[in-house]
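Note sheet for the following structure.
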Amino acid sequence: MTVDIRVIRAGQMYRYYLRQTVVGDGRRPARTPLSAAQEQAGVPAGRWMGRGLAALGLAPGEEVTESQLRNLYGERGRHPYADRIEADRLAQGASPTEAYRAGALGRRVTVTGVDFVFRPQPSIYLLWALGDEETRRVIEAGHERAIVRVLEWIEDEVAVIRYGTDGIYRVRPPGGLVAARFRHYEARSGRPLLHDHLLLSVKGQRLDGTWGSIHTTALHENTVAASALYNELVAAEVCEELGLATEPRTVTPGRRPVMEIAGVPNGLIRWTARRSNQIATCLAELEHEYVTAVDDDGEPRFLPVVSERARAKLERIAARKTRPPKKEKARSLVQLRADWKQSAILTSGVAADVISSLLEYARAAAAVIRARVTAMVDVALAAVDVAATVFVMNGGGRFHRRHLLAEARRHLALVLRGSRRDPGLDDQVVAAAISAHCLDISEPKTVRGLEAGYRLYTARWNFADLPARRRPPTPAPDLDRQPPADPGEPPAPRPPGQDAGEWEIPRIPLQYERAVLAGAVVREQLRTTTASAVRGRAYDVVAHQQAAMPERLLVPEPAGPGHDGQEQEPGRPEALDLTALRALRQSRTDVEALELTTEQLRHLAAALTKTSDGTRARKRKYTGREIAPPVHPERQEEQHHPQQPGPHGPEAGR
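Start counting the sequence shown at 5; every next residue gets the next number (my numbering).
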């Protein structure tokens, strides 16, 4: 994710935010005014944002002062001008208690805000750091507009104020929210990292004018959807303004790819990832300790494989252990950009002419992609990918609308490749997924359960016959890798010449591989059984896959013999588009980890022919009555394009 969230508490505001965060993560000297400390640190002053500023007498873009921050976030949720209000009431003859209450915004709270951290993808802030001044301004403007759009979405769709017994009733803050934004330029490692801290106040005004507290759980639940929206918006803003395009790149095998600016070398991205490399090295050590740890009796303390949940915990431990100290000396942005460029030329391993002409290289790569791939969205096929991916990623169980929304935004970012879209297109994909491929299994017992955002869904398909998640193969016994029988003995020795990072730690495969497969199989089943549901080739996304890296476009993948590009006969589950599947398996993407055979694909397609029985059984379970298979609306023939890239294929559903 590129949007992180952290709770702000009243006492924490003094110790951390007012001393370090508001001055660019540096060390603020004692008794130094905020404006002077920000000037010394080389970071701009904070600015107010949000539609709720008018109720507090503030204006968008107004500079944030230290007293305003202290009152709103540090004094348990008081008015930013509480000092002035209290002084005026005392001058009018009010008692100290009445004057203090006049400066309060409802009840005093301990959690006074939420810190959202917005940072673009590495390829974007590399262009910002190494490009010219015009490129820097364009990227910063796109970054700011994306933050504004995400905040508006939070105000309109996410933020709620609870009231009533146990907070069972909820209402949107009609006046909007209040937030303070602070910009930082570099990471703790000294590498470039454009990011903004958005300190969102939990105080919101109700319809009757009284003040309440925003439900922070709702903000945490929608962080992934907010991150997907920000990634999509900032990439579209930057690509449209600078003439660029995005491409999917696999960072970690088995996990979903990330969208980066095409033409930006991976060597530069690795150059910025000093912290990531340190965390990865420490993580390898921790994984080795995890799988070889034994108790006093010599028995293994943990599972012999590293699960996804265990790996996430180990990653957090590795991040804390390798966290460097705060910077001591501040530098201006001009000096930072000059130092970054010189460091990249000397240490990144990328040619100096590429670094000096990075924008031109990115534009050339974008021109190749735009010439071969048309950014086009098929809502029906996107709904299939989104529903299948969310269903599998949630363990084949229940999910909410926010899960579909986050996946739909990832899908659109993949398909559009940096092009702008209609504002409501993500909602259209979610609506199509819910109506055609999801089953409402909500049994609301509270008022909250009746809300659209908290209704429970599951897929209409029956995945019981799909093969279970692949387990790691059991290795042959290796005496050098066995845990010590005697607890007093040292851990098992490593193989000669290998460090801990080179060990093959057994891990449970990630769910994303199975989610990609499920979307492909369901699409093929719908295409072969319902001619009106999905038209065209099932894997037209091969064009998108080939356009992922410009250097792979020189020799297009040849078509198999006998393939004329026509639709296969409906009603034949075994009629798979094997030519396109072979092309996908030969491409260097995350799909190669599946290692599927033709027989396995035929088995999966045959398993999904039982979807009608599964649907009726699930419907009887939850409603007690039969349901006919969903009928997909016919689409006009003039809206069909023979080569529709994007929403179908193993890249989809991110």
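Even for Gly, the Cβ is constructed at its ideal location relative to N, Cα and C.
Under the rule that a run must span 4 or more residues, the alpha helix (DSSP H) segments found entirely inside the segment 335-361 read 337-351 and 356-360.
Closest in C-alpha terms to residue 196, from the list 186, 251, 216 and 132, comes 132. Comparing C-alpha distances from residue 354 to each of 376, 98, 275 and 314 shows the shortest one belongs to 275. Taking C-alpha positions only, residue 365 is separated from residue 320 by approximately 36 angstroms. When 358, 114 and 386 are compared, the shortest CA-CA separation from residue 415 is found for 386. In the same chain as residue 198, and ignoring 5 residues on each side of it, the C-beta atoms closer than 6 angstroms to its own belong to 129 and 132, in chain order. If you draw a straight line from the Cα of residue 143 to the Cα of residue 242, it is about 6 angstroms long. The count of Cβ pairs closer than 8 angstroms, one atom from the segment 90-105 and one from the segment 228-248, stays below three, leaving the stretches out of contact. For residue 77, the closest C-alpha among the options 170, 18, 165 and 397 is that of 18.
The C-beta distance from residue 15 to residue 180 rounds to 27 angstroms, too long to fall under 8 angstroms, and the pair is not in contact. By the CB criterion at 7 angstroms, residue 155 and residue 184 fall outside the cutoff.
Annotation for residue 273: the continuous alpha helix (DSSP H) segment containing it runs 270-276. In this structure, 367 is the residue among 367, 192, 60 and 403 with its C-alpha nearest to the C-alpha of residue 267. With 16 or more other Cβ atoms inside 10 Å of its own Cβ, residue 12 counts as buried. For residue 52, the enclosing beta strand (DSSP E) has its first and last residue at 51-53. Where residue 221 is concerned, the enclosing alpha helix (DSSP H) starts and stops at 220-225. For residue 100, the enclosing alpha helix (DSSP H) covers residues 100-106.
With a 10 Å radius around the Cβ and a threshold of 16 neighbouring Cβ atoms, residue 422 comes out buried. Boundaries of the alpha helix (DSSP H) around residue 129: 126-134. Per DSSP, residue 12 is one residue of the beta strand (DSSP E) stretching across 7-13.
Distance from residue 7 to residue 120 at the Cβ level is roughly 6 angstroms; contact confirmed, criterion being Cβ atoms closer than 8 angstroms. Going by DSSP, residue 187 is part of the beta strand (DSSP E) stretching over 183-190. Contact check for residue 47 against residue 61 fails: the beta carbons are separated by 7 angstroms or more. A straight-line Cα-Cα distance of about 54 angstroms links residue 36 and residue 448. Cβ-Cβ distances below 7 angstroms link residue 323 to 283 in the same chain, with the five nearest sequence neighbours on each side left out; the list follows chain order. The beta carbons of residue 516 and residue 260 sit closer together than 7 angstroms. For residue 397, the enclosing alpha helix (DSSP H) covers residues 383-397. According to the DSSP assignment, residue 117 belongs to the beta strand (DSSP E) that extends over 115-122. With a beta-carbon spacing of about 13 angstroms, residue 69 and residue 186 fall beyond the 8 angstroms limit used to define contacts.
Under DSSP, residue 262 forms a beta bridge with 253. Residue environment for residue 311: exposed (fewer than 16 other C-beta atoms within 10 angstroms of its C-beta). DSSP, reduced to helix, strand and coil, places residue 379 outside both helices and strands of the structure shown, so it counts as coil.
In this structure, DSSP gives residue 462 an extended state, which the three-state scheme calls strand. A distance below 7 angstroms separates the beta carbons of residue 32 and residue 23.
Under the 8 angstroms Cβ criterion, the segment 88-96 does not count as touching the segment 147-154, having fewer than three qualifying pairs. For residue 171, the closest of 391, 222, 317 and 42 by C-alpha to C-alpha distance is 222.
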